[in-house]
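Q: Residue numbers for the sequence shown follow our numbering, beginning at 1 and rising by one. Below are the structure tokens for one structure; questions will follow.
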Amino acid sequence: MEKLNEWIQYLKEHRKQTKKFLNLTERQEKLVAKDKVDEFMSLFEKKQEIMKEVDRLKEIIIGYKEEYQDYVEEPYLKEIRTLQKESQENIETAIEKNKALESKLNNKKSNIGEELKKTKMDKQTVDAYLSGKNRSKGEGFFFDKKN
């Protein structure tokens, strides 16, 4: 029974970590919507740390499952399945949100490319105007004063 309680504690911690991962993903969504790219990027490191912890917990949980799955009784079995289901739902939701974020970022990337092209065209127009203005002074474009 003690080992089953430990197993359940690891499952609860796993669920907690997957929920943190989901919350960070949702925070990234909000930051992308507000165009706060630096803050968005800073969350990746935290997400990696959380996923390392999730993977570590997953290995421990698999060990408990292989060793004790034949000894699990009904009240524990129901709780274990519920915790596993909640963790899985958190991960699946986070994956879907990450795909949506990737799509948004790709759209922003193409929009930035378009803006960059427009800026380059504007710069060329200004450069052409300025170079024409400089040439006109030296070529007698303006009327000279009579001496």
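Every residue, glycine too, gets a C-beta built ideally from N, C-alpha and C. Fair warning: this is a prediction, and the values are worked out from it, not measured in the lab.
#1: Based on Cα-Cα distance, which residue from Met-41, Ile-80, Lys-58 and Ser-103 lies nearest to Leu-4?
#2: Just mark Ile-62 as buried or exposed, buried being the case when its beta carbon has 16 or more other beta carbons within 10 Å.
#3: Taking just the CA atoms, how far does Leu-57 sit from Leu-43?
#4: Helix or strand or just coil, what does DSSP make of Glu-73?
#5: Which same chain residues, not among the five before or five after Ser-87, have their C-beta less than 8 Å away from its C-beta?
#6: What number of angstroms, rounded off, separates the C-alpha of Met-41 from the C-alpha of Ile-50?
#7: List, from N- to C-terminal side, the beta strand (DSSP E) runs of 3 residues or more that fit wholly inside the region 24-56.
A: Working from what's here:
#1: Indexing the sequence shown from 1 puts residue 4 at position 4. The residue with the shortest Cα to Cα distance from Leu-4 is Ile-80.
#2: Stepping through the sequence shown from its first residue, residue 62 is reached at position 62. Under this definition Ile-62 is an exposed residue.
#3: Stepping through the sequence shown from its first residue, residue 43 is reached at position 43. Stepping through the sequence shown from its first residue, residue 57 is reached at position 57. Their Cα atoms are separated by approximately 21 Å.
#4: Walking along the sequence shown from the start, residue 73 turns up at place 73. It is coil, neither helix nor strand.
#5: Within the sequence shown, residue 87 is the residue found at index 87, counting from 1. Around Ser-87: Leu-11, His-14, Arg-15 and Thr-18.
#6: In the sequence shown, the residue the question calls residue 41 occupies position 41. In the sequence shown, the residue the question calls residue 50 occupies position 50. One C-alpha to the other measures close to 15 Å.
#7: none
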